[in-house]
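Q: Protein chains in written order, with my numbering: chain A, 1 to 375; chain B, 1001 to 1295.
Cβ atoms here follow ideal geometry from the backbone N, Cα and C, with glycine treated the same way.
Model, not experiment: these values are computed from the prediction.
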Amino acid sequence: MNFNKLKKNLHFLTPLGQPVLAIGLALIVGAAVIIATGESPLKIYGIMLKGAFGSKYYLLTTLTRATPIIITGLGAAICWSSNYMGIGGEGQMIMGGFVCAVACVHLPGPLWFKLIAGVILALAAGGAYSLLSAWLLDKFKMSLAISTLMLNYAGAYIAMHFVQNVFLDKSGDAKLVQTQMIDEAIQLPRILSDQKLHWGFGIAVLAVAATWFLMNRTVFGYEARMSGYNIDFCNYGGISSRKIMYSVLILSGVICGLAGVIEVLGVNYRYVHNTYVSASYAWIGLNAALISGYNPIGILLTSIILAGISTGGAAIARSTSVPLEISSIIQGCITLFISARIVIRFRRGKKPVPAPLNGGSAGRIVSDPEGGAAV
Amino acid sequence: MMSDANYLSVVFNSTIRMMTPILYVALGSALCNRVFIFNIGLEGTMLTGAFAAIVANYYTGSILVSLLAAMISAMLVSWVAGIFMVKFKGAMLVVGVSINMLMAGLTTFLMQTIFGVKGAYVSTDLVSLPKVDVSFLGRWPVLQTMFSSLTYLDLFAFVLAILLYFFLFKTVTGFHMRSVGINKTAATSLGINADRLQIGTIAFSGIGACLLTMGGVTMFAQNITAGRGFIAMAAATLGAAHPLGVVVGSGFFGFAQSMANMLQNSAISSQLTMALPYLATILALAIYNFTQHRR
């Protein structure tokens, strides 16, 4: 069969080609690591697949785990697609979760007021935390990557300080650094009464739709994307890139704050120190955004796959000698291989195209629309 | 209660011990900055070096082999990161984030398979780095405290910074490196192999990692670097990627961390003092950038 013809026929699959290739390569690396432990990769991957999607219970557990990943993924996509590469999702999520948990217990007034005020305050906290790094970028030209990273660590310790010294739940097991449980009436209801999955997943799906609409069907989304492609063109065309910068970063902080809110209202019913960090929700969310090329619907699917790798990893750690961390090895490899996507497209071209030189990358440079952004 | 001079000398001593692991990595990061590589994967690189050192230590009990293992493994990881950044034109942040996640997973994974423990592997059977003997300073107790229980690697960090300064500013290769950073296209047209320089830029982060695992208590813990790789990046930025400036930058973070440790025994909340180095980073960078833009 003519290769070119085949290539033409399969053209519509090209956006999927790269993620599938990357996942395949990552699974090969994972297999090598598994072989090193003396287990059979096929058997382990089988257990993993079953532990992630194999039964109603496992599938719903995976979806529960995917919920914060989807939401933080959306948060990351909104700022990364405009070329503002913040990695502060974790800190913003902590702020959202912490503020929500505290407000829902300690605010005065009826329960409905606690809930509404708690959610609003939490989203504002996430947004404000992101605003801080936006302000540092604007006023002091501080690298967004560094400021958001530092704020992640600082946020975790500051929240821990307040939980430990002010809002500590002394009723239960004293060893856990956690706040008091919120009232049952304002907890997010479960979708199926006997399963973990809560309506936070529904909210996440709604957020996907809303983000898609925002990015693809509104003026703001257009301007934000244009600012990502070419900031000079944007400024020349009368779009204030400064305004865009503030808007996308605040919005992304609010969304990451929402992830914390959902975790508090739907899963833990309180803020527990270190839960978001140890599960690395925000980092996996960022990975989901990168793998799917900032496409909200892609993020939904990718997050479920990545969450499946995590729950599957937990399943193999329970039943075999292979440690849980196999999942972060595979997840790390997927994004690593995704990052190399540009070269594959270059290789496909008929003529050898000279690779662009990434000169002057300390500032911002125009990113390739498809091929991930450059720093 | 300690006397003031004694207290200061303890702070000085702990600052040195806190800053040198950062300094090694920051020097590597500074060289990356010189060739316009923003390597956020240094955190993962450092973690790898720390782990390789402990594994080599466990099997051979030799300091030299452990050091070599740490350096080689760190170089290997940086090389992979470099290939993805430079040859495959991967976005640097993406590659860095992936490397960090991959290495955090891999080191914990291997710790569990090799040592059969979860969380942390601590053993007194492992050899630790030899300490500099300061008993000849016995006549001056303050000086003795200032330089007590430092390893030779701690002192070498400062020597290395000076050596790198001469390398960058007084040798042809150093000139080439700087020229790649200033204008890669022009440097490439002169036949300077920019890619190879970029890939071969980091090896010191491994030594810094050794200090973490073998400097005091010989141990490896899950995520033992705890953001030091990121702090080192900030220190390199703060030092304007100049080797001697990086010493000052790292010293600042070492001081903030040692203050966080010292204040843990006081009435101030230990969680807040733990947040101090990270907030200090932001503050210092803000002040630094502010003065730069004023000029």
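Exposed or buried, which one is residue 188 of chain A when buried takes at least 16 other CB atoms within 10 Å?
A: So residue 188 of chain A counts as buried.
Q: So, helix, strand or coil for residue 1139 of chain B, using DSSP?
A: Coil at residue 1139 of chain B, not helix or strand.
Q: Grouping DSSP H, G and I as helix and E and B as strand, with all else coil, what is residue 1219 of chain B?
A: Note: residue 1219 of chain B maps to strand in three-state DSSP.
Q: Closer than 7 Å by beta-carbon distance: list the chain B residues that pair up with residue 39 of chain A, in chain order.
A: By Cβ distance, chain B contributes nothing, its closest Cβ being about 10 Å from residue 39 of chain A, past 7 Å.
Q: Can you tell me which of A:229, A:194, A:259, A:313 puts its alpha carbon nearest to the alpha carbon of residue 119 of chain A?
A: That would be A:259, whose Cα lies nearest to the Cα of residue 119 of chain A.
Q: Any contact between the segment 231-242 of chain A and the segment 69-76 of chain A? By contact I mean 3 or more CB pairs, one from each, below 8 Å.
A: No, the segment 231-242 of chain A does not touch the segment 69-76 of chain A.
Q: Can you tell me which of the three DSSP states residue 270 of chain A falls into?
A: Three-state DSSP puts residue 270 of chain A in coil, outside helix and strand.
Q: Would you mind sorting residue 280 of chain A into buried or exposed? The rule is 16 or more other CB atoms within 10 Å of its CB.
A: It counts as buried.
Q: Distance check for residue 1115 of chain B and residue 1097 of chain B, CA to CA, integer angstroms please.
A: Cα-Cα distance, rounded: 27 Å.
Q: Alpha carbon to alpha carbon, how far is residue 109 of chain A from residue 203 of chain A?
A: Straight-line Cα distance between these residues: approximately 26 Å.
Q: With DSSP run on the structure shown, which of helix, strand or coil describes residue 324 of chain A?
A: Residue 324 of chain A: coil per DSSP, three-state reduction.
Q: Closer than 7 Å, Cβ to any Cβ of chain A: which residues of the segment 1112-1135 of chain B, in chain order?
A: Within the segment 1112-1135 of chain B, the qualifying residues are 1112, 1113.
Q: Measure the CB-CB distance between residue 1271 of chain B and residue 153 of chain A and report whether it falls below 8 Å.
A: Going by C-beta atoms, residue 1271 of chain B is not nearer than 8 Å to residue 153 of chain A.
Q: When the cut-off is 8 Å and only beta carbons count, does residue 164 of chain A lie next to chain B?
A: True, the Cβ-Cβ gap to chain B drops below 8 Å.
Q: Determine which residues share a DSSP beta bridge with residue 1122 of chain B and list them.
A: Residue 1122 of chain B is bridged to B:1219.
Q: In the DSSP assignment, the alpha helix (DSSP H) including residue 68 of chain A goes from what residue to what residue?
A: From DSSP, the alpha helix (DSSP H) with residue 68 of chain A extends over 56-80.
Q: Could you tell me whether any Cβ in chain B is nearer than 8 Å to the Cβ of residue 332 of chain A?
A: Closer than 8 Å: yes.
Q: May I ask you to report which of helix, strand or coil DSSP gives residue 178 of chain A?
A: Three-state result, residue 178 of chain A: strand.
Q: Between B:1285, B:1240, B:1020, which lies nearest to residue 1150 of chain B when the distance is taken from Cα to Cα?
A: Answer by Cα proximity: B:1020.
Q: Between residue 1111 of chain B and residue 304 of chain A, what straight-line distance do the alpha-carbon atoms span, to the nearest angstrom?
A: The straight-line gap from Cα to Cα measures roughly 28 Å.
Q: Cα separation between residue 194 of chain A and residue 1023 of chain B?
A: Cα to Cα, residue 194 of chain A sits roughly 53 Å from residue 1023 of chain B.
Q: Does any CB atom of chain A fall closer than 8 Å to the CB of residue 1303 of chain B?
A: With chain B covering 1001 to 1295 only, the question about residue 1303 of chain B has no answer from this structure.
Q: Would you say residue 208 of chain A reaches chain B, if we count a Cβ-Cβ gap shorter than 8 Å as a contact?
A: Not closer than 8 Å to any Cβ of chain B, the Cβ of residue 208 of chain A fails to qualify, so no.
Q: Please list, in chain order, all residues of the same chain as residue 1143 of chain B whose beta carbon is under 6 Å from its beta carbon, the five residues on each side excluded.
A: So the qualifying residues of the chain are 1137.
Q: For residue 316 of chain A, which residues of its own chain have a beta-carbon under 6 Å away from its beta-carbon, when the five flanking residues on both sides are left out?
A: Closer than 6 Å at Cβ, skipping near neighbours: 44, 47, 48, 322.
Q: Pair every Cβ in the segment 1230-1247 of chain B with every Cβ in the segment 119-139 of chain A, then say whether three or more of these pairs are closer than 8 Å.
A: The segment 1230-1247 of chain B, when compared against the segment 119-139 of chain A, does not touch it at the 8 Å Cβ threshold.
Q: Does DSSP classify residue 148 of chain A as helix, strand or coil?
A: Residue 148 of chain A falls in the helix class under three-state DSSP.
Q: Please classify residue 166 of chain A as buried or exposed, where buried requires at least 16 other C-beta atoms within 10 Å of its C-beta.
A: Burial call: exposed.
Q: Please report the residue range of the alpha helix (DSSP H) in which residue 1134 of chain B lies.
A: Residue 1134 of chain B -> no alpha helix (DSSP H), and no H or E assigned at all.
Q: CB residue 329 of chain A to CB residue 22 of chain A, shorter than 8 Å?
A: No. Outside cutoff.
Q: Can you tell me whether DSSP reads residue 1151 of chain B as helix, strand or coil?
A: Looking at residue 1151 of chain B - three-state DSSP - the assignment turns out to be strand.
Q: May I ask you to list, following chain order, the residues of the segment 1243-1262 of chain B that have a beta carbon less than 8 Å from some beta carbon of chain A?
A: Answer in chain order: no residues at all.
Q: Which value, in whole angstroms, describes the spacing of the CA atoms of residue 1012 of chain B and residue 60 of chain A?
A: For residue 1012 of chain B and residue 60 of chain A, the distance between alpha carbons rounds to 54 Å.
Q: Taking the DSSP output, what are the residues bridged to residue 198 of chain A?
A: The partner list for residue 198 of chain A (beta bridge, DSSP) reads A:190.
Q: Taking only three categories from DSSP, how would you classify residue 1244 of chain B?
A: Helix at residue 1244 of chain B.
Q: Starting from residue 306 of chain A, follow its DSSP beta bridges and name the residues at the other end.
A: Answer by DSSP bridge pairing: none, since residue 306 of chain A is not bridged.
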